[in-house]
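Worksheet: the structure to be examined is printed underneath.
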Amino acid sequence: MTPSEIPRFVDVNQIKRIHFGRVAIFSSTGLLIALVEFRPFTTMSEVKVNQWDELSQFLFREKRFTDLIATTGALLEGFMFAIGWRKCSTKNEQFGLYGSVGKIENAKDEWRNRGANLSLVGCILGQSLPYVGDNLFQKIQNCYNSLGVPSFDQVNYEGDILANQGACEFASALTFTMNGFKNSPHLDKDASQYASGWWFQADKRTGQIQRDAPKWCTGGKLIFPNGHFWIDLSTCHGLIQVVWASSKFVQYTDSSKDNDSTTLVAHKPILTLVKASEDLNKSIND
Numbered sequence: 001m002t003p004s005e006i007p008r009f010v011d012v013n014q015i016k017r018i019h020f021g022r023v024a025i026f027s028s029t030g031l032l033i034a035l036v037e038f039r040p041f042t043t044m045s046e047v048k049v050n051q052w053d054e055l056s057q058f059l060f061r062e063k064r065f066t067d068l069i070a071t072t073g074a075l076l077e078g079f080m081f082a083i084g085w086r087k088c089s090t091k092n093e094q095f096g097l098y099g100s101v102g103k104i105e106n107a108k109d110e111w112r113n114r115g116a117n118l119s120l121v122g123c124i125l126g127q128s129l130p131y132v133g134d135n136l137f138q139k140i141q142n143c144y145n146s147l148g149v150p151s152f153d154q155v156n157y158e159g160d161i162l163a164n165q166g167a168c169e170f171a172s173a174l175t176f177t178m179n180g181f182k183n184s185p186h187l188d189k190d191a192s193q194y195a196s197g198w199w200f201q202a203d204k205r206t207g208q209i210q211r212d213a214p215k216w217c218t219g220g221k222l223i224f225p226n227g228h229f230w231i232d233l234s235t236c237h238g239l240i241q242v243v244w245a246s247s248k249f250v251q252y253t254d255s256s257k258d259n260d261s262t263t264l265v266a267h268k269p270i271l272t273l274v275k276a277s278e279d280l281n282k283s284i285n286d
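Start counting the sequence shown at 1; every next residue gets the next number (full-length UniProt numbering).
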């Protein structure tokens, strides 16, 4: 089944729901489709939860320096932003950083002083991947290393990239989505055969992670129609991490619904479902 052959929606009641634990899903021919792990914050150390909180708030602050990625291709609803490196459209320029020149111009010092926070984000994500699947992380990292491009957490291009690569580096860019993100069925065209994503609930005004939040986000599904399963992104009061064969198995995200602020007590936060995913852009090296 190709993306164009998939109907506008799949009846999720007719396919397997994945909503807790640690699960490996294989195709009928034995190919690995996805590794999924639900990690409630209650099972994580305070240090780890604080790290993810710092990561989330940093991503929200990054919106000050970049524009929304246009609603093209598979993206249907919600907001998508990106940080890191991308192929340049200017002649004789190989690649450059995502960012809005006008926004950066108004906050130059803050833009320049992001290095430590970017390194922290890279370490948190890079260290979490082997936890789900060490072999898959090695494949993703080997593919990244073979391209010879900067990591998304490098603020400068230092020429000899291979000599400066760290143990946690695995991607040239990082995308993050929020506000009812939804996309259409698709196969990824990145250099790596695998993609990884992290989902959590956060206050969409500040990015602060909601550790003890009730189920204020409803919906939110990562659906694999060819694999006959879907991942429920709204059930875990914690971190949901997925690594999947994105170039071989069609997938799409059905939107979550943010809570209605009119029904909440004033001091309670407004929540949205956030996704951060690695993006190995093959075109950057073409």
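Glycine residues also receive a C-beta, built at the ideal position from the N, C-alpha and C atoms.
Spatial distance of residue i from residue j (CA atoms)
i      : j      : result
Val265 : Asp254 : Note on Val265: pLDDT 46, under 50, position unreliable in the model; no value is reported.
Gly180 : Asp232 : 14 Å
Arg114 : Pro40  : 29 Å
Ile104 : Trp111 : 6 Å
Gly219 : Val12  : 11 Å
Lys48  : Lys248 : 32 Å
Gly148 : Trp85  : 12 Å
Arg17  : Leu239 : 17 Å
Phe170 : Lys63  : 22 Å
Ile69  : Met80  : 6 Å
Ser56  : Leu129 : 17 Å
Ala163 : Val155 : Low local confidence applies: a pLDDT of 45 at Ala163 is under 50, so the model's placement there is unreliable, with the coordinate-based value given in what follows. About 16 Å.
Cys143 : Asp203 : 34 Å
Lys257 : Gln201 : 12 Å
Leu59  : His237 : 19 Å
Gly122 : Cys168 : 7 Å
Ser28  : Glu46  : 40 Å
Gln127 : Thr43  : 17 Å
Arg22  : Gly133 : 11 Å
Ala146 : Thr206 : In the sequence as presented, Ala is not what sits at residue 146; that position holds Ser. Rounded to the nearest angstrom, the two C-alpha atoms are 37 Å apart.
Asn135 : Ser192 : 14 Å
Ser172 : Lys139 : 15 Å
Gln51  : Phe26  : 32 Å
Ile209 : Gly102 : 29 Å
Leu174 : Lys108 : 21 Å
Ser261 : Tyr98  : With a pLDDT of 47 at Ser261, under the threshold of 50, the modelled position of this residue cannot be trusted; read the value that follows with caution. Computed Cα separation, rounded: 32 Å.
Asp53  : Arg61  : 12 Å
Phe137 : Ser100 : 31 Å
Arg82  : Thr66  : The sequence shown places Ala at residue 82, rather than the Arg named in the question. Cα to Cα, the separation comes out at about 7 Å.
Gly30  : Asp190 : 23 Å
Beta-bridge partners of residue i, as assigned by DSSP
i      : result
Ser256 : Gly219
Phe58  : Answer is none; Phe58 lacks a bridge partner.
Gly133 : For Gly133, which the question treats as bridged, DSSP gives no partner whatsoever.
Lys87  : Phe95
Ile25  : Ala34
Arg40  : Here residue 40 is Pro; the residue named in the question, Arg, does not match the sequence. DSSP lists Gly238 as partners of Pro40.
Gln251 : His186
Val10  : BP columns for Val10 are empty, so no partner.
Trp244 : Ala34, Ala195
Phe79  : Met178
Val224 : According to the sequence displayed, residue 224 carries Phe and not Val. Note: Phe224 sits in a beta bridge opposite Phe229.
Where the beta strand (DSSP E) through residue i begins and ends
i           : result
residue 338 : Any question about residue 338 goes unanswered here, given that the chain covers just 1 to 286.
Asp232      : 229-232
Lys182      : 173-183
Gly207      : Segment: none, Gly207 is in no beta strand (DSSP E) and carries neither H nor E.
Enclosing alpha helix (DSSP H) for residue i [first to last residue]
i      : result
Val149 : Here Val149 belongs to no alpha helix (DSSP H), and DSSP marks it neither H nor E.
Val101 : 101-105
Lys108 : 108-112
Cβ-based neighbour list, residue i, same chain, cut-off 8 Å, excluding 5 preceding and 5 following
i      : result
Ser119 : Asp153
Phe20  : Phe38, Thr235, Cys236
Contact set for residue i: own chain, Cβ-Cβ below 6 Å, skip 5 residues either direction
i      : result
Ala24  : Leu35
Arg211 : Phe41
Leu125 : none
Lys151 : First, the residue type needs correcting, since residue 151 is Ser and not Lys in the sequence shown. Glu169.
Gln141 : Phe170
heavy atom of the ligand FMN below 7 Å from residue i C-beta
i     : result
Leu59 : This structure lacks the ligand FMN; in fact it carries no ligand of any kind.
Close Cβ partners of residue i (< 7 Å) along its chain, the five nearest in sequence each way excluded
i      : result
Asn117 : Phe58
Ile15  : His228, Phe229, Trp230
Val10  : Ile223, Pro225
Leu76  : Lys182, Asn183, Ser184
Q. Do the region 29-40 and the region 220-235 meet, that is, are 3 or more Cβ pairs less than 8 Å apart?
A. The region 29-40 vs the region 220-235: in contact.
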